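Input: a single structure, listed below in structure tokens.
Numbering (my numbering), first residue to last: 1 to 283.
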């Protein structure tokens with residue numbers, strides 16, 4: 001059995017092995033605090049939303065989750081904000097922090113179960129299983145079966161176009177995704193290829209890099225496209241406008257959390273992305 005699957009295995013009743021390889025005892029799951037949009041989405045998909053007492057700022061789906069008390073972005077929470085909600089367990093994406101804050105939360109007697117920041121079908125599935133085990137969710141097997149069925153029915157592209165993913169934020173800041181990113185993994189799952197090769201993580205977008213990448217399609221999250229001034233704003237960018245995608249107006253956008261979250265809707269995300277790319281190519 002792989003280490004990923006072992007994370008989701010109950011060692012003893014009330015104890016799980018989390019993504020950091022730690023044995024975490026979870027005795028009370030009545031008040032759950034979620035750090036990470038995909039974590040929140042998974043808890044809701046398990047039908048346990050009534051237990052959720054708070055979420056982080058990236059918890060944008062389902063809409064009901066946005067109406068709960070937020071404790072800030074999962075990478076920069078405060079111990080006071082989390083503990084004020086009286087959680088009995090915290091489910092946190094790896095990278096939640098700062099580390100000193102997470103240590104404070106555990107020192108206060110609240111167990112923290114870390115889950116993997118999934119970049120693959122296997123890790124996304126293991127994350128569902130781990131969260132289900134941590135919360136002793138009877139619905140977990142059904143959700144996993146649904147997840148597997150959705151992955152099997154996903155419809156990736158057959159033409160393998162080159163896609164450039166641009167992560168844009170307010171203020172005109174743009175970065176492009178290299179390897180070992182969720183964007184790169186999603187592009188490949190959708191049957192396309194990442195136009196950026198040769199480095200991992202994100203780097204600032206430069207005209208030279210965009211021209212060298214020669215993308216057939218430029219991909220944004222919906223929030224990123226809006227922050228960039230829509231399609232016209234993208235096509236006015238000097239670096240992007242002279243690429244094959246820029247010249248043909250091949251710009252695609254997919255919902256932020258659906259595209260990058262690797263949550264329970266991963267099968268839908270693959271099909272949605274492939275359709276968005278195909279539509280952009282048909283411009």
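Glycine included, every Cβ here is placed at the ideal spot set by N, Cα and C.
Small disclaimer: the values here were computed from a predicted structure and weren't measured.
I need the straight-line Cα distance from residue 101 to residue 39, nearest angstrom please. 19 Å
Residue 248 versus 279, 267, 174, 208, residue with shortest Cα-Cα distance: The residue with the shortest Cα to Cα distance from residue 248 is 279.
Using a Cβ distance threshold of 8 Å, determine whether the segment 193-200 contacts the segment 145-159, with at least three qualifying pairs required. no
Just to confirm, is the Cβ distance from residue 118 to residue 127 under 8 Å? yes
Reference residue 327; option with closest CA among 75, 47, 41, 214: In the structure as shown, the chain starts at 1 and stops at 283, and residue 327 therefore has no counterpart that could be examined.
Return the CA-CA distance between residue 175 and residue 58, expressed in angstroms with no decimal places. Taking the CA atoms as reference points, residue 175 sits about 19 Å from residue 58.
Could you say which of 36, 225, 239 lies nearest to residue 208 if we only look at CA atoms? For residue 208, the nearest C-alpha among the options comes from 239.
Helix, strand or coil for residue 89, going by three-state DSSP, please let me know. strand
Using DSSP's beta-bridge definition, name the partner residues of residue 219. 165, 252
Quick check on DSSP: helix, strand or coil for residue 225? helix
Drop a sphere of 10 angstroms on the beta-carbon of residue 204, count the other beta-carbons inside from all chains shown, and report buried for 16 or more, exposed for fewer. exposed
In terms of DSSP beta bridges, what is residue 237 paired with? In DSSP, residue 237 forms no bridge with anything.
Excluding five sequence neighbours on each side, which residues of the same chain lie with their C-beta closer than 6 Å to the C-beta of residue 284? Only positions 1 to 283 of the chain appear in this structure, which leaves residue 284 out of reach.
Limits of the unbroken beta strand (DSSP E) element including residue 264: Residue 264 -> no beta strand (DSSP E), and no H or E assigned at all.
Is the beta carbon of residue 190 less than 8 Å from the beta carbon of residue 143? no
Own chain partners of residue 193 with C-beta closer than 8 Å, once the 5 adjacent residues on each side are dropped: 160, 161, 162, 163, 187
Using only CA atoms, which one of 261, 80, 37 lies nearest to residue 64? 37
Do you know how far the Cα of residue 15 is from the Cα of residue 5? Its pLDDT being 44, under 50, residue 5 is placed unreliably in this model, and the coordinates cannot settle the point.
For residue 35, does the three-state DSSP call read helix, strand or coil? strand
Do residue 259 and residue 273 have their beta-carbon atoms positioned less than 8 Å apart in this structure? yes
Assuming residue 72 and residue 81 make a contact with CB atoms under 8 Å, what is their CB distance in whole Å? Under the criterion of beta carbons closer than 8 Å, residue 72 and residue 81 qualify as touching, at roughly 6 Å.
Backbone CA spacing between residue 96 and residue 264 [nearest angstrom]: 20 Å
So for residue 204, helix, strand or coil by DSSP? strand
Can you give me the Cβ contacts of residue 255 inside the same chain, cut-off strictly under 6 Å, excluding the 5 residues immediately before and after it? 222
So, at 6 Å on beta carbons, what are the nonlocal neighbours of residue 183 in its own chain, with the 5 sequence-adjacent residues on each side left out? Short of 6 Å from the beta carbon of residue 183, and not among the five residues preceding or following it, lie these beta carbons of its own chain, in chain order: 165, 177.
Which residue's Cα is closest to the Cα of residue 172: 77, 224, 103, 152? 224
Taking residue 54 as part of the beta strand (DSSP E), name the residues at either end of that continuous run. 52-54
Enumerate in chain order the residues of its own chain whose CB-to-CB distance from residue 27 is below 6 Å, with the five nearest sequence positions on each side excluded. Closer than 6 Å at Cβ, skipping near neighbours: 14.
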